[in-house]
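Protein chains: 4
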Amino acid sequence: MRTLNIAQIGHGFMGKAHSNAYRQVNRFFDLPVQVHLHTLCGRSEGVEESARQLGWTHAERDWRKVIENPEIDVIDVSTPGHLHAPMAIAAAEAGKAVWCEKPLGNTLAEAESMVEAVTRTGAAHGLFHNYRAVPAIQLLRRMIDDGRIGQIYHFRAVYLQDWILSPSFPRVWRLQKSQTGTGAHGDLNAHLIDLAHFLVGGLTEVSGLMRTFITERPLPDDPSKTGEVDVDDAALALLRFESGAIGSIEASRFAAGRKNYNCIEVNGSKGSAVFNLERMNELQFFDRTAADDAQGFTVINVTDQPHPYGGTYWPSGHIIGYEHTFINLVAGFIQAMERGEPLNPNFNDGLRTQRVLEAVERSHESRAWVATV
Amino acid sequence: MRTLNIAQIGHGFMGKAHSNAYRQVNRFFDLPVQVHLHTLCGRSEGVEESARQLGWTHAERDWRKVIENPEIDVIDVSTPGHLHAPMAIAAAEAGKAVWCEKPLGNTLAEAESMVEAVTRTGAAHGLFHNYRAVPAIQLLRRMIDDGRIGQIYHFRAVYLQDWILSPSFPRVWRLQKSQTGTGAHGDLNAHLIDLAHFLVGGLTEVSGLMRTFITERPLPDDPSKTGEVDVDDAALALLRFESGAIGSIEASRFAAGRKNYNCIEVNGSKGSAVFNLERMNELQFFDRTAADDAQGFTVINVTDQPHPYGGTYWPSGHIIGYEHTFINLVAGFIQAMERGEPLNPNFNDGLRTQRVLEAVERSHESRAWVATV
Amino acid sequence: MRTLNIAQIGHGFMGKAHSNAYRQVNRFFDLPVQVHLHTLCGRSEGVEESARQLGWTHAERDWRKVIENPEIDVIDVSTPGHLHAPMAIAAAEAGKAVWCEKPLGNTLAEAESMVEAVTRTGAAHGLFHNYRAVPAIQLLRRMIDDGRIGQIYHFRAVYLQDWILSPSFPRVWRLQKSQTGTGAHGDLNAHLIDLAHFLVGGLTEVSGLMRTFITERPLPDDPSKTGEVDVDDAALALLRFESGAIGSIEASRFAAGRKNYNCIEVNGSKGSAVFNLERMNELQFFDRTAADDAQGFTVINVTDQPHPYGGTYWPSGHIIGYEHTFINLVAGFIQAMERGEPLNPNFNDGLRTQRVLEAVERSHESRAWVATV
Amino acid sequence: MRTLNIAQIGHGFMGKAHSNAYRQVNRFFDLPVQVHLHTLCGRSEGVEESARQLGWTHAERDWRKVIENPEIDVIDVSTPGHLHAPMAIAAAEAGKAVWCEKPLGNTLAEAESMVEAVTRTGAAHGLFHNYRAVPAIQLLRRMIDDGRIGQIYHFRAVYLQDWILSPSFPRVWRLQKSQTGTGAHGDLNAHLIDLAHFLVGGLTEVSGLMRTFITERPLPDDPSKTGEVDVDDAALALLRFESGAIGSIEASRFAAGRKNYNCIEVNGSKGSAVFNLERMNELQFFDRTAADDAQGFTVINVTDQPHPYGGTYWPSGHIIGYEHTFINLVAGFIQAMERGEPLNPNFNDGLRTQRVLEAVERSHESRAWVATV
């Protein structure tokens, strides 16, 4: 079997999740290629140790060398957001497939340049909006496609966490605009917007509200000093869709008790559905066509044979976890590349999301609705 | 409109719930008679005050006078269990309808004498197994009758409370065999057995286990002294049904955090259902005939027009409470009496339950299975 | 005991709920006055039958006569919104206490005139924002007052229903601007805004979005013809609070499967809480001060002695229903009147809510943020 | 780093889960040895393909050759139950560590011979009761050890599935006594009994009930013929513990809608806890020492740093799945072997469970309580 050589730049939290997907994908999916964890790339000294721990054959500290390496087929960009554009563009220009962590870039301009590069070079491009690959989300998409939700009236989504609630939490890179662009907005609303696109379709305009509750935090390296937090702690928006549906999104890192609460509700003319990432193996489905005395939200345990990815892992009722979303996503990337089709999702999806992210920011500043297109 | 004069003996917790039902039943149900709260009867001085508070026209301290009063149509027996038999039998012999709190008696012999009396006298007789009148339980019964559950394999029920968990809780009358017969068993398992009969059908044999965790408690009137607890704190049984189904019941007053947790599950060849009294407006229903990718437990909010008692109270989604089960039950009693039909449930149901209660006790003592018939 | 004579104008859904509260309040609360259901007033012929059914002594079809009746102490205004102002003002001027259904008026001008009238006349005034009287909401307020939630960052509330989802549902009065002012907005967001005020405090500005999904519906009297729906089916708003908190509200009658889903979440620096009216006996509470390995949302069954209204109805775990919120509210109205204190909530609260409702409408039209003060 | 060579006999469902654990354990745990998937052994031709798919270096069809191979350190016995004893005993006698799938044997005699062999030879022995390694179960154990549950009164557990509910489901090996010993009982109750031991302690006696609902099923290879099902479809038991606690267990494969519903409740003098394997990342905990108006079941998302296995996988709120229980268990096995300590759980635990399993069978036959010791 042919080998697909991956090089991954970045080895933080996302790097760990991506590495796991590469190690595991051939164990559960029947693929025409064998993934090889060729090179892990990182700036710090720890990259060798990480490479060993995560199962990579080589470690490298200069990302340009990785991109130039003719053995490599795919460049995985898992660095902080401000590095996505230069790396992805260079990789595309070097003839590599590029799989990039979300959000695509820190700014709309960056995202546009990345789409331009992959379009110009013909590079295969994928984006790690891994929640598309949650079985319950795929089931919801199937239900929508099949007309079981009907005409969608409402999309309602929150992505709530609480990890920076304490004022003593340090001013890490994720709280600095120069590295991350925005805070909860780009990190969490990017997921919600991508899912809005995936499930409901295009947006026309937004009204946004962003808020930083704690503006000074201790520096990681010297807690006796503080630094400015110049990104949002929370960001909300009202949404209008092309279809006539309306919606709302909210991202926060200040919701005590919510750890990874990506919760989405869709209401349509024939039914409704609710998804909650903290119970990611379940989809709640309301079916208006059920017997009139037996209607209600059905808690579907999405682990059975008839479900998306059914039979890939364990028997019915034996749940999967967060990491499996990446395995599913990578399997889809590989299958698409083998068929010569666009990856799903890809840089175009990322650009579309970036436009909405930026529209929310502009709306927040202009205090008025802003078109997303 | 004709008046139905009620006299109620007993004005504790159950008396309060029954009184409320009498006051409210004509407000929500369209009945051919007008219920009148004629006389409240109790041994203590407080009965006059209770009568005023609960809306009764008269108060009386001698229960025999109440039974002799020709104005009274219905005698409601809401006293501790050891008084049920003498009062109910006297009432039947005086030509009254008798509505009795459960369990029917403290012993099988008492229950048999009560059934004998109402049979001999032709008195109308009803039993306050109010949980039959929960809309969700009625819905479940409808589903079973309609074949939507299929052949029932399993009945699984617990009724858990925690109000005597503290060793300092006093030795009240409900903890004395002379007054109450048994503890959690007669109080709580009586409900579960009645629902087993109502939903699944007759039993053939049981294996029981009873347990008293705290055997000495402070006396209510003098906490410096203690008295023996000679009834069970918890009682469990395995069940065999005539139909071939199997099951289990458990009653406990030692289940920390469970306040009124009457939770019942039925599994059949076509579906399953779960009921929890703490969320009594809901029924969970699993339908094996649903689309194969949309199966799961559906949380039905049983407050809509198509549901049992639909439209009686408030619009869909506006829930009812514990007290409404008594209103529903009393409405049914009155409708049955007007039609000249047996009340549902009645003393025969109570006797059947008593047989099972006693079989569990005997099994506990013999350490072997005991037939219930 | 002194009698408090009530006259209620209106006998639809709300009239039924209010009547029940008047019948029941003395049964469960120890009050210094005895409530008397003196007169029920309605325009239609059915009012006599309703009066009998609901327990009123008299029936009357001319509301002005009721207001002039010197026997009456309290006028309950339970009519459609456009009649609130003339009736309430007349009642106040006639020296009556006025208890008014929400929203206070259909417009800000009406609401202002009502407040002016009660202020000028010194009439006692109460507003039926009954959800303040849900035990779980009172518990949440207690927790906030006690500092157990800490500084509030987020208020997040939806009130979702689905009763007009079908295009064949007729164009009833609740869908006509001339009678009701707005649709889901005034009906449902009024509750959310009142609770936002009650729990978090004053607002400073809003960004609103209103939407009518189905603009023509069959006429109730002649389904072969259609009439225009000129009120919103759904209304959303982003909120800024005086305290620095941010929030959102959403009202919809197009959320399939949501029957009476008034769901509120508050996130603070010390904890969070979630309330859902469909499970109104429960409050979910997250306590950041709990042991670090035992934190999570605690489902509190708010029916125990230590809870608000504890001991008023039934033992712990025996739930109450929708109607009890009105009993609680009316008990509070009476207690406040007896003490000569302002009722809670009252017309001032209604006016404050009206200002926000109208700000959302103006924001929807101006497509920009609008101040609420 | 030293290598630990594993050979696994059996490559069905359990083989897949074990293989995954061996591949992954070094990626998430910091261990002193590197696990090597040396040899996969199976009788069928498919073993080579399985070995490739699951990541094993070698494949072998004769299990005796595997046991004789001096390179192998650990023999993993993942075959049907009737093969456990001969393989495990041979492995122990060959000086290997033996890790065996549960239940230990098909009969008490087999289990005893296995314990005898590992005791005699000094072989390290582990048993795949993987649910001990669920973080939520470990947390519950910690709570019990810390006295946060107090004196345990009740243990209540069900393990419900529905995969053989259809009469057309074939008579597979798991339904044949000769291969599997018992049905749901050994498969599912074995887990519950092991958890009872782990959480509450030793049992003294049981009363059992076993039932086969469908006694003839189509043969897998020729559905036109049927074969006898001679194992139980469901098995229940009442339990008495040495501590004075009482309990119940139930295993069924006929509970429609329950896919992998291993649900356990423990009630003690200070608190309660509920675990449900279908939501295995959660533990519900009731704390009687919480503020008296804030008590209830807390849904703990057991994925945070302070929790058992905290920090091993993903950030808080990012859940793990079924397979991680095996990774955790294997990590524990390796750590114990390195420290020269008994593995947890091990063959002694398996023997203890087997005694209870067999006592339930005998009780079912004798229709009376049977001692477990």
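Chains as they are written, first to last, in our numbering: chain A, 1 to 373; chain B, 1 to 373; chain C, 1 to 373; chain D, 1 to 373.
Note that beta-carbon positions come from the ideal geometry of N, C-alpha and C, so glycine has one too.
Which first and last residues belong to the alpha helix (DSSP H) in which residue i is found?
| i | result |
| --- | --- |
| G247 (chain A) | Unbroken run through G247 (chain A) is the beta strand (DSSP E), I246 to S252; no alpha helix (DSSP H). |
| S19 (chain A) | F13 to F28 |
| Y322 (chain B) | Y322 to R339 |
| L54 (chain A) | V47 to L54 |
| S178 (chain A) | K177 to T180 |
Relative to the C-alpha of residue i, which residue among the options is closest?
| i | options | result |
| --- | --- | --- |
| D304 (chain D) | A:G257, A:T289 and A:D293 | A:G257 |
| I72 (chain D) | D:V302, D:E60, D:Q284 and D:M280 | D:E60 |
| R2 (chain D) | D:H36, D:S19 and D:V25 | D:H36 |
| A124 (chain B) | B:V134, B:I152, B:D145 and B:I89 | B:I89 |
| F254 (chain D) | B:A255, B:S272 and B:S243 | B:S272 |
| D30 (chain D) | A:V47, A:L54, A:F213 and A:L236 | A:L54 |
| E282 (chain C) | B:I319, B:R148 and B:I152 | B:I319 |
Would residue i be called buried (16 or more neighbouring beta carbons within 10 Å of its own) or exposed?
| i | result |
| --- | --- |
| K225 (chain A) | exposed |
| E101 (chain D) | buried |
| W173 (chain A) | exposed |
| S95 (chain A) | Per the sequence shown, residue 95 (chain A) should be read as Gly rather than Ser. G95 (chain A) is exposed by the Cβ-count criterion. |
| L259 (chain D) | Looking at the sequence shown, residue 259 (chain D) is not Leu but Lys. Counting Cβ neighbours within 10 Å, K259 (chain D) comes out buried, since at least 16 surround it. |
| K16 (chain A) | buried |
| V373 (chain A) | exposed |
| N24 (chain B) | As written in the sequence, residue 24 (chain B) is Gln, which differs from the Asn given in the question. So Q24 (chain B) counts as buried. |
| G340 (chain A) | exposed |
| G122 (chain D) | exposed |
| L4 (chain B) | buried |
| Q138 (chain A) | buried |
| L329 (chain A) | buried |
| P376 (chain C) | Residue 376 (chain C) is absent from the model: chain C starts at 1 and stops at 373. |
What span of residues does the beta strand (DSSP E) with residue i cover, start to end?
| i | result |
| --- | --- |
| F155 (chain D) | I152 to L160 |
| N276 (chain B) | G271 to N276 |
| F285 (chain D) | E282 to D287 |
| R132 (chain C) | Here R132 (chain C) belongs to no beta strand (DSSP E), and DSSP marks it neither H nor E. |
| P345 (chain B) | First-last for P345 (chain B): undefined, no H or E at that position. |
| H185 (chain C) | No beta strand (DSSP E) contains H185 (chain C), which DSSP labels as neither H nor E. |
| R217 (chain A) | E216 to P218 |
| E93 (chain C) | Premise fails: E93 (chain C) lies in the alpha helix (DSSP H), H84 to E93, not in any beta strand (DSSP E). |
| T376 (chain B) | The requested residue 376 (chain B) is not part of the displayed model; chain B covers only 1 to 373. |
Report yes or no: do three or more beta-carbon pairs, one from the stretch 152–171 of chain B and one from the stretch 92–106 of chain B, lie closer than 8 Å? Touching, no.
Give me the subset of the stretch 287–305 of chain D whose CB atoms are less than 9 Å from a CB atom of chain B, sorted by chain position. Within the stretch 287–305 of chain D, the qualifying residues are D287, R288, Q295, G296 and F297.
Given a limit of 9 Å on CB to CB distance, which residues of the stretch 323–353 of chain C reach chain B? Hits within the stretch, in order: E323 and H324.
Mind listing which residues of the stretch 49–78 of chain D have their C-beta closer than 9 Å to chain A's C-betas, in chain order? Flagged, chain order: Q53, L54 and G55.
Validate contact between the stretch 107–120 of chain D and the stretch 342–354 of chain D using beta carbons, cut 8 Å, 3 pairs: Here the stretch 107–120 of chain D makes contact with the stretch 342–354 of chain D; the two share three or more CB pairs at distances below 8 Å.
Which residues of the stretch 195–224 of chain D have a Cβ closer than 7 Å to any Cβ of chain B? Give them in chain order. Contacts with chain B (Cβ-Cβ distance below 7 Å) from the stretch 195–224 of chain D involve S207, L209, R211 and F213, listed in chain order.
Pair every Cβ in the stretch 214–231 of chain B with every Cβ in the stretch 169–186 of chain B, then say whether three or more of these pairs are closer than 8 Å. A contact exists between the stretch 214–231 of chain B and the stretch 169–186 of chain B.
If we count Cβ pairs, one from each stretch, closer than 8 Å, do we get three or more for the stretch 284–297 of chain B versus the stretch 290–308 of chain A? Because the criterion of three Cβ pairs below 8 Å is met, the stretch 284–297 of chain B and the stretch 290–308 of chain A touch.
If contact means a Cβ-Cβ distance below 8 Å, which residues of the stretch 305–321 of chain D contact chain A? Result list: Y313, W314, P315, S316, G317, H318, I319, I320 and G321.
Mind listing which residues of the stretch 125–146 of chain D have their C-beta closer than 7 Å to chain C's C-betas, in chain order? Flagged, chain order: L139.
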